[in-house]
Amino acid sequence: MMNRLNFRAVLLATTMSLAGLAAQAETLRMAMGYDPVSLDPIATSDNGSIWTQLLIYDTLVRPDATGEKLEPGLAESWTVSDDGLTIGFKLRDAKFSDGTPVTPQDVQFSIERAASEDSGWGRFYRPITSFEIPNDHEIVMHLAEPFTPAFNNLALFAAAILPKAEVEAKGQAFFDAPIGSGPFVLKKWTRGSALELTKNPYYWQAGKPAVDDAVLEVVTEPSARAIKLEAGEVDVALDPPLNQIKDLQSKPGVVIGEVIPYRADFVQLNTRYAPLGDEKVRQALNYAIDKDALIKGVLYGAGKPAASAMPVMAYADPDLKPYPHDLAKAKELLAEAGYPDGFEAEMLVDSGIATQRNTAIALQAMLSQVGVRVKIQMLESGTQWETTKAGNYQMSLSYTTSDTIDPDQIIGFVAVNPERANAYHTEWKSDRLNDLYAQERQTVNGPERGAMFQDMIRILHDGAPYIYLYHPATVWAQKDYVKGFSVLPTSNFRLEDVTIEK
Amino acid sequence: MFQVILKRLLMLVPVLIGITLIGFLLLQVMPGDPASRAMGTRASPEELEAMRRLWGLDQPVWVQYLYFLRDCVTGSFGVSIFHKLPVIDLVAARLPFTLGIVLYSTLIALLVALPFAIMAALNRGNPVDSAIRQVFVVLIAMPPFWLCYVLILWLALGLGWFPTGGVGDGFAANVYRLFLPSLVVGLSTAALIQQSLRSALIDTMKADYVDTARAKGLNGRAVFLRHILPNSLISTISIIGVRVSWIIGGTVVVEKIFSVPGLGSLLIDAIVSRDLPVIRGLTVFFAIMVVIVNLITDICYALADPRVRLE
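Chains as they are written, first to last, in my numbering: chain A, 1 to 502; chain B, 503 to 813.
Written as structure tokens, this is what we have:
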């Protein structure tokens, strides 16, 4: 009898301590607005997929928390030769989540895959023409000609390091249950609803991640994300509606975080359209905009005025100031250009985004003060994109974002003509800027290359093929017991340092 | 009966061929292409070309159409450009939630509408009738997105009885979690049903055969249940049929607010990203569902009213 009682007591005690242990398993729950579509890094370009991939996979190098330089990832250290043609990496002792070591062969396979025909990002990696593997911990990459952005591109999600043997054996099915060397492993994926991640027991940063599980809930409606946080169903809500931030802030236990990511908002000006072909007219439009009012009224204060179409990133010139709000100057410039009474223009606006609609209405009012009568044309985003691409527009409210910390990618897009998009379809062209762009790509990272970027951005600022607006902040709302969470300037987030301190 | 169903299902074939053709051609004239949607600001013209080649979008239109027909026949309905999965798999993952809302909301609608329609019809013209009518007019006029937030703020945030959204694992969890979204959809269905059923009941009550039944000596209850109610249900069945066809693809707003991964939001997301195979596949799938729902509606007519013959 005694024995049985004892047994029961032991059983009870065990159950209780197990329950205690289980209670300590910490889960971080987040609500995000994007629904990831695929975990194949070379085939995706949507935020949901990219952010999730960066939690599961590692890259050789990665942007540091400030976003201004790169820090070691899977590579412990690296060397770049003086001519820029050879990049050598020393790999750390890292393991994939199935326990197998990360080898230089995996690195070569992943980068070659990213450069392949099937990759959406091939252009970024094709300059790397050959690989050399001197031993189990080193890999050397060779370039046929200098291409400075190549190193930065290795920090991009598309260059995530995958286990060669697994991907080759499973093909596309690998990405349904992917294996990476990052802090988390995919546990369960309910498409359109949630991704459940659990910590990678083999992660190379000892003792991290601090939370055991992370759940990324897909909540596409911004108000619903804010409500979920308030109801305590999630610990972090990304991008709550801007007009609810003040209200959220006043709730007990809720903290608002804010980071300016690599993004710039602007109005594209089609320089083939008569009044907009004149630099003075374009500058006048820039002087006519009260950026502080826009930020206060439309962004509820969450943003900074923009001096150009470039996000503020590495090599940014702190002395370059945005166009001031100066109506007299704007009118004077318009008169000089032969439009003392202004003119009429049509502006394309994405109908699906509240902020864009509100900005457009404010711009319309501001420009009317200098006699420019703007007609707003609301379009679905895909249609807006096609219309501007075809050159069939006068003004179009738009923005650009950067995935890498190096300005090369974005300047090639917004300022260089022809290159990729004819200066984002403004058809504006500066030969001097084009020359600098070609030079920059062959100049080793350093102050000299930085000066080239500063020159290019200044030329872009003066030429004004856009009305420069603002750099909107990425905002998140979180519970105060979540420590160490932040959104990076590249818009993604890392969770290995996040702790829950209830 | 069986033959009729078979005949109806065979009629699906020409309907579907028509739908595939219209759906396909409409997408051809829709501006926007998936390659530039996917690559956004990053790609060069050559890369966009390469993307299109990869996805078979560089093929002549009629070749693309034939591929699409083949995919419909083999049952995959095409492969999503972005998800890299057969459309049928994407549909299968979301169909349970959509069907859940369809059945659940219809059940709620009937539970709400039937008693009040009967009560209103029996009290025709007196204050009970007009009170009920006013409540249901308000129900009809309430925009669903507004009702969603009112219910969330009141029942989920305020009283904490329900989660604010999302779906769960298994049947029981979803009966609980899908209640609020189904209630929103169900209440607007209920408002439609209540009004038409009330007037149908009043009309039927005046019919001669009802007088005959009373004259035979049947009591009021039997007359109502056996004669008046079944004969008045035709309009209710029509409304439910139309609503169900609509709910299958049309509850995007409710799905988005309650974070339910249903077919409506799949379609909207596919349109925004220009995932052409998904848009096409869903168009055909919705068409099949509409035909099937119509068939079920017709069968229900025959069950409710023996005078209706399915021919």
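In this text, a Cβ means the ideal position worked out from N, Cα and C, and glycines have one as well.
Along the segment 170–197 of chain A, going in chain order, the ones with a CB nearer than 8 Å to a CB of chain B are Gln172, Phe175, Thr190, Arg191, Gly192, Ser193 and Ala194. When beta bridges are read from the DSSP output, Met30 (chain A) appears opposite A:Leu216 and A:Val236.
Between Phe266 (chain A) and Ser430 (chain A), the CB-CB gap reaches or exceeds 9 Å.
For Thr401 (chain A), no alpha helix (DSSP H) run applies; the uninterrupted beta strand (DSSP E) run containing it begins and ends at Met395 to Thr401, by DSSP. For Thr474 (chain A), the three-state secondary structure derived from DSSP is strand.
In terms of Cα proximity to Pro598 (chain B), the closest of B:Val793, B:Cys802 and B:Val762 is B:Val762. Judged by beta-carbon spacing, Val517 (chain B) lies within the 9 Å limit of Val793 (chain B), meaning their Cβ atoms are closer than that value. Taking 9 Å as the cut-off, the Cβ atoms of Gly751 (chain B) and Leu731 (chain B) do not count as close. Residues are counted here when their Cβ sits less than 7 Å from a Cβ of chain B; for the segment 339–356 of chain A the count is zero. Taking a cut-off of 8 Å for Cβ pairs, the segment 211–226 of chain A and the segment 527–534 of chain B do not touch, as fewer than three such pairs fall below it.
Residue contact check for Ile750 (chain B) against chain A: no CB pair falls below 9 Å. Residue environment for Ala25 (chain A): exposed (fewer than 16 other C-beta atoms within 10 angstroms of its C-beta). Annotated as distal: Leu488 (chain A) and Met456 (chain A), with beta-carbon spacing of 9 Å or more. Burial of Trp557 (chain B) is indicated by the presence of at least 16 other C-beta atoms within 10 angstroms of its C-beta. Contact check for Thr59 (chain A) against Gly48 (chain A) fails: the beta carbons are separated by 9 Å or more. The residues Pro183 and Glu496, in chain order, have a CB closer than 8 Å to that of Gln205 (chain A) in the same chain once the five nearest residues on each side in sequence are set aside. CA-to-CA, the gap between Pro101 (chain A) and Asp93 (chain A) works out to about 7 Å. From the beta-carbon of Glu336 (chain A), no residue of chain B is found nearer than 8 Å; the closest lies around 33 Å away. Residues of the segment 208–232 of chain A with a C-beta less than 8 Å from any C-beta of chain B: Glu217, Val218, Val219, Thr220, Glu221, Ser223, Ala224, Ile227, Lys228, Glu230 and Ala231, listed in chain order.
In the DSSP secondary-structure assignment, Asn135 (chain A) is bridged to A:Glu138.
Relative to Leu689 (chain B), the option among B:Arg776, B:Ile603, B:Val786 and B:Pro547 whose CA is nearest is B:Ile603. The Cβ atoms of Leu348 (chain A) and Ser402 (chain A) lie no closer than 9 Å to each other. The residue among A:Thr490, A:Val475, A:Phe493 and A:Ser491 with its C-alpha nearest the C-alpha of Val254 (chain A) is A:Val475. With respect to the 9 Å criterion, Ile361 (chain A) and Gly303 (chain A) are not classified as neighbours on the basis of their beta carbons. Measuring C-alpha to C-alpha distances from Lys164 (chain A) to each of A:Leu156, A:Ala155, A:Tyr202 and A:Ile179 identifies A:Ile179 as the nearest.
Among the residues facing chain B, Asp235 (chain A) is not included, as its CB has no counterpart in that chain under 9 Å away. Judged by DSSP in its simplified three-state form, Gln561 (chain B) adopts coil rather than helix or strand. Boundaries cannot be given for Ala177 (chain A), as no beta strand (DSSP E) includes it and DSSP labels it neither H nor E.
DSSP places Arg441 (chain A) outside any beta strand (DSSP E), giving it a letter other than H or E. Put simply, the backbone Cα of Asp83 (chain A) is about 12 Å away from that of Arg441 (chain A).
A direct Cα-to-Cα measurement between Arg745 (chain B) and Gln364 (chain A) gives close to 41 Å. Scanning its chain for C-beta atoms nearer than 8 Å, with the 5 sequence neighbours on each side dropped, one finds around Lys90 (chain A) the residues Ala75, Glu76, Ser77, Trp78, His137 and Glu138, in chain order. Listed as beta-bridge partners of Trp78 (chain A) by DSSP are A:Phe89. For Leu797 (chain B), there is no enclosing beta strand (DSSP E); the residue is part of the alpha helix (DSSP H) that begins and ends at Leu778 to Ala806. Taking the beta carbon of Glu386 (chain A) as reference, the chain B residues within 8 Å of it are Pro533, Gly534, Asp535 and Ser538, listed in sequence order. For Tyr651 (chain B), at least one C-beta of chain A is nearer than 9 Å to its own C-beta.
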